[in-house]
Structures are given as structure tokens and as C-alpha cells.
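Residue numbering for the sequence shown follows the working numbering, beginning at 779 and increasing consecutively.
Positions of the beta carbon are idealized from the N, C-alpha and C atoms, including for glycine.
Take a look at the structure below.
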Amino acid sequence: MRKCAVLFACILVVSGILAGCETKQGNTQNISSSSVASDELPTIRLLVDFISDGIGDSILDYVQRVPGYGTDFKVDYTYLPRTGAERESQLTSIRTEILAGKGPDIFICSCPNFDYDNSKPLFLFPNQVMERRVFLPLDSYLENAEYMEWDKLFQPVMEAGKNEEGQLLLPMSYQITAMLFDSELYSCTEELPMTWEMMTVSNDPMIQYAGSFQSINNFFGELADYQNDQLTFTEDELLLRYSELRDLKRLRDQQDLRELYTEKGGTILLDIGAPAIPLLGDKLDDSSPNYIMIPMYNVDGGVTANITSFAAINRNTKYPELSFRMLDSLLSKDVQSKCRLYGNVMGTPVHMDLAQKGQPAQTVFGGTWYMSEWNFAQFSSLRDQVNEVKFYTELDELLIRISGEESKPLDEVVHDNYTKMQMLLAES
779 MRKCAVLFAC ILVVSGILAG CETKQGNTQN ISSSSVASDE LPTIRLLVDF ISDGIGDSIL
839 DYVQRVPGYG TDFKVDYTYL PRTGAERESQ LTSIRTEILA GKGPDIFICS CPNFDYDNSK
899 PLFLFPNQVM ERRVFLPLDS YLENAEYMEW DKLFQPVMEA GKNEEGQLLL PMSYQITAML
959 FDSELYSCTE ELPMTWEMMT VSNDPMIQYA GSFQSINNFF GELADYQNDQ LTFTEDELLL
1019 RYSELRDLKR LRDQQDLREL YTEKGGTILL DIGAPAIPLL GDKLDDSSPN YIMIPMYNVD
1079 GGVTANITSF AAINRNTKYP ELSFRMLDSL LSKDVQSKCR LYGNVMGTPV HMDLAQKGQP
1139 AQTVFGGTWY MSEWNFAQFS SLRDQVNEVK FYTELDELLI RISGEESKPL DEVVHDNYTK
1199 MQMLLAES
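In C-alpha cells, the structure reads:
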């Protein structure tokens, strides 16, 4: 338990999204800077499935940072188009290759990349795919990692990439939802952490106000049992939780609360991390206030973290050592901090030392950002409260969409979306 001294209001979502790359010739590029004849070098096939377009230079920036690139190996990288028939055609082709024991050597994927014209990601449910023996087990390679600092990667998030075979996926970024309160403008005597239910009945109106921003997809922890293709909550539980959340959200319409929020200097901060800080002009560096970070707690009194990007190696690769060298470099502190690729993860990279003064993180425009000593300490405390970690999937999106259909009867909307989630699992 900790005492919260003082508070100011703005929303924080720490998230991460990787993006794809493109060239004038198309979406495939062969790159090698070796003086050795290129046909004498092993070729690593890299597939990138991101949301954004136009970051081919960022992909190249990453590849060129990998030790041995151009002398020990060359790279063919492919990005998937964001939407359209060409994307579907390439998805079918890649999945056919994988089933045939072939396919790219390395996958770098963002999780929420399906929310564009109903496009679906290459791996709809990463947990489920881990059980299907698609990815190479990495434990023996991690024991000899040269570049990443495994113990300094956020372990609750990294653990989500494991199953009974060991580490299969390497998460790259994650999101956490919270509110920020200015320590000079607002004070609070409530003790934290607390459950979401405790937030709803808090004597502090700003704590209730913060609770009203909780997202329904973060109530339940992991949303599905992927081995049995079943949701981890019932339709009645979903209806109850959303009814409670909708009632609390009505607080936002109360004039006195909105005025208090404004009086205390409240602003909305959508992300800690790239790209939202440069896009919105919000900062957490030495020029910003000293914030107290209050997460939107889940029903168990902890914080839910959503993994939003990850990397993996194809179990069928002919070059496991070289492929792991690329991921070893990808997860290194140097690449996470300096590579432009990480400017496209909308939020926090997994290395726990980054985003503080002297150890900045990348922004989407090629710059850097960091948190002041105070704010980084607050963020670290928030991170310590994580008790649930999950890959962000279309199940999250379907839950979130419920809030956009408030003109319909709630029980009808809940039933429709719950049924869609069941069907999605059954068909996957």
C-alpha cells in the first residue's frame, strides 16, 4: 500500500505498435552491403506486419545495426500491405508456406493491426499460435545472448511469450492505462493500490473520475483459454461489468467534476511514448509537472498490461543462429533506444531503463523523449503493480466497440459482441 500525496488529471495509455516498410519497387527488398558476392551469403527472410506505412528506412536502420549484417548474411525483408486484396493474398501465401515447412525466418508483428478495413493480422491470437509449434523455442539461445540484457527487460511482459516449451515470443512493447495528477495542484489521502470497485466508491471524486476511464477489455485479465477456445468470462459477467462501468462514466457529464478537473489543470495525455508525445505536444520531461500516476485498476487490484508488438523465429528456419542474432540485437538496449524502428512503437519499449534522462526512447519523428527523474520513478512504481499481462487481440477490439454502440440496448450489444468473440475463437 502506498499513500498518494497529490493528484492532477490526464489520461495515460502506454502502448506499442510496430509499423511496416515500403519501397518504390514494392513491399519486398533485398539488402546487403557486403563486399562478398551476395549469392555466397546466407539470406535471412524478415517479415514485418505493422500498422503504419512508409517506414522502410526504419527497417533498414534496424537491419544495419545487427552485427554481421553485410558480412555474415544478407536480408530479404517484406512488409505486408496494411489493407486490401493484396494483403489478403500475401497472408494466404505466407500461411501456406508455413504449413509447408517453409516461410520467413523472422516475424516482427504488431498486435492491433487489424483495425483497418477489417484487416486481420498474420497471427490473430499469438498465444494460440504458440501451441501450434510455429515458433522456434529460444531458451538455449537466450542463455548465450550477447546483446540483449534479459534481466533488464520487463519480466511480467516477457513471461507472456512462454509456454511449456519455453520462450517462443519476444515482446517488444506494451501498454498500460493510467491517469496523471499534478502533485502541486491536487492532493489525496486515499491509499493505493485498490481494486476497480474501490475506485468507484472512493471518497476522492478524482479517483472515481479516473476509474470511469477504465477500459472494459482490461477488467478480466487474459480474455480467452486458447487451448480450449473458450472465453474466460461469461456473458452475464460482461453485462454486469459494463453496466457498472457505464454508470460510472456518467460522472464525466457532471459539471462540477469537469470544472474541478479543469481547475486542477487537467489535460488528456494519450500515450507515454512515441508517437503521442510529439504529436500532442505533451511531455513528461524536466519541463513538465511532477506527476503522480494512478492506474485504472482491474478487479483484482492490479494493473493490466497489453503487449502490442513482438518478434519470433520460424521453427522451420535454416538459420536459427543468425536469426537469433537479429532478435538478440533487436531487443538490445542500444537498438531499443536509438533505432528509428522503435519510434513506431506507440508507447514503452520493454527495456526498463529506457525513457529516463540520459537514456531516452525514440519518437515517431526521429527525435527522442524521456521522463524526468520524478516521473520515471512514478512510472516505475506503476509498472511494479502489473498483475495481468496479455497480447492485445481482436477480442480486445470487440470489447472496446461495445462502448461505441450505446444507442442500442446494452444487453443486445453485449450479446452480439460476446457471440462474435465466441465465433472468432471457434474459427481460429
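Return helix, strand or coil for Ser-1159, following the three-state DSSP convention. Counted from its first residue, the sequence shown places residue 1159 at position 381. Correct three-state label for Ser-1159: helix.
Taking just the CA atoms, how far does Ile-1178 sit from Ser-1215?
This structure gives no information on residue 1215, because the portion of the chain shown stretches from 779 to 1206.
task = Return the residue from the list Gln-945, Glu-1175 and Asn-941 that minimises the CA-CA distance to Glu-909.
result = Residue numbering aside, residue 909 sits at position 131 when the sequence shown is read from its first letter. When only C-alpha atoms are compared, the closest one is Asn-941.
Requested in this report: Return the bridge partner residues of Asp-850 from the DSSP annotation.
Outcome: The residue labelled residue 850 in the question sits at position 72 within the sequence shown. Answer is none; Asp-850 lacks a bridge partner.
- Kindly give me the distance between the Cβ atoms of Leu-1109 and Leu-948, rounded to whole angstroms, as I take these residues to be in contact under 8 angstroms. Taking the first residue of the sequence shown as position 1, residue 1109 is located at position 331. Taking the first residue of the sequence shown as position 1, residue 948 is located at position 170. About 6 angstroms separates the two Cβ atoms, so the contact holds.
Any heavy atom of the ligand MG closer than 8 angstroms to the Cβ of Ala-1090?
This structure lacks the ligand MG, and indeed carries no ligand of any kind.
Got a sec? Which residues, its chain only, sit under 6 angstroms from Glu-1183 by beta carbon, not counting five neighbours each side? The count along the sequence shown starts at 1 and reaches residue 1183 at position 405. Cβ within range, chain order: Val-1191.
Notebook entry, point to check: If you drop the 5 nearest sequence neighbours on each side, which residues of the same chain put their C-beta closer than 7 angstroms to that of Ser-990?
Noted result: Residue numbering aside, residue 990 sits at position 212 when the sequence shown is read from its first letter. These residues qualify, in order along the chain: Leu-1026, Lys-1027, Leu-1029 and Arg-1030.
Review point. Per DSSP, which one or two residues make a beta bridge with Cys-887?
Key: Here residue 887 is taken as the residue at index 109 of the sequence shown, counted from 1. Per DSSP, Asp-827 and Phe-1088.
Quick check: what's the CA-CA separation for Leu-1009 versus Gln-1114?
Against the sequence shown, residue 1009 aligns to sequence position 231. Against the sequence shown, residue 1114 aligns to sequence position 336. Distance between the alpha carbons of Leu-1009 and Gln-1114 is about 34 angstroms.
Are the stretch 1092-1099 and the stretch 908-922 touching, with three or more C-beta to C-beta distances below 8 angstroms?
Touching, yes.
At least 3 beta-carbon pairs within less than 8 angstroms: the stretch 915-925 vs the stretch 950-963: no
Check: So, Phe-932 versus Ser-888, is the Cβ gap smaller than 9 angstroms?
Finding: For this step, residue 932 is matched to residue 154 along the sequence shown. For this step, residue 888 is matched to residue 110 along the sequence shown. No, the pair does not count as a contact, with Cβ atoms beyond the cut-off.
Q) How long is the line joining the alpha carbons of Arg-860 and Asn-1165, rounded to whole angstroms? A) Walking along the sequence shown from the start, residue 860 turns up at place 82. Walking along the sequence shown from the start, residue 1165 turns up at place 387. The straight-line gap from Cα to Cα measures roughly 33 angstroms.
- State buried or exposed for Asp-1112, treating a residue as buried only when at least 16 other CB atoms are found within 10 Å of its CB. Here the question's residue 1112 lines up with position 334 in the sequence shown. Taking all protein chains in view, the Cβ of Asp-1112 is surrounded by fewer than 16 other Cβ atoms within 10 Å, so the residue is classified as exposed.
inquiry  = Could you pull the DSSP bridge partners for Thr-1126 from this structure?
reply    = Start at 1 with the first residue of the sequence shown, and residue 1126 comes out as number 348. Answer is Tyr-952.
At least 3 beta-carbon pairs within less than 8 angstroms: the stretch 973-983 vs the stretch 871-889: Too few Cβ pairs lie closer than 8 angstroms, so no.
Run the CB neighbour count on Gly-1121, radius 10 Å, all protein chains shown included, and call it buried at 16 or more, exposed below.
Looking up residue 1121 in the sequence shown gives position 343. Answer is buried; the Cβ neighbour count reaches 16.
Handout entry: Closest residue to Met-1199 among Glu-1172, Thr-870, Thr-821 and Gln-1005 (Cα-Cα distance)
Key = Locating residue 1199 in the sequence shown gives position 421, where the first residue counts as 1. Checking every option, the nearest Cα to that of Met-1199 belongs to Glu-1172.
With DSSP as the reference, identify every bridge partner of Gly-944, one or two as the case may be.
Within the sequence shown, residue 944 is the residue found at index 166, counting from 1. Paired residue(s): Asn-941.
So who's on the other strand from Gln-1140, going by DSSP bridges? For the purposes of this step, residue 1140 is identified with residue 362 of the sequence shown, where counting begins at 1. Its beta-bridge partners are Thr-1146.
Practice task
Please confirm whether Asn-1084 and Phe-1157 have their CB atoms less than 9 angstroms apart.
Solution key: In the sequence shown, counting from the first residue as 1, residue 1084 sits at position 306. In the sequence shown, counting from the first residue as 1, residue 1157 sits at position 379. The answer is no: Cβ separation not under 9 angstroms.
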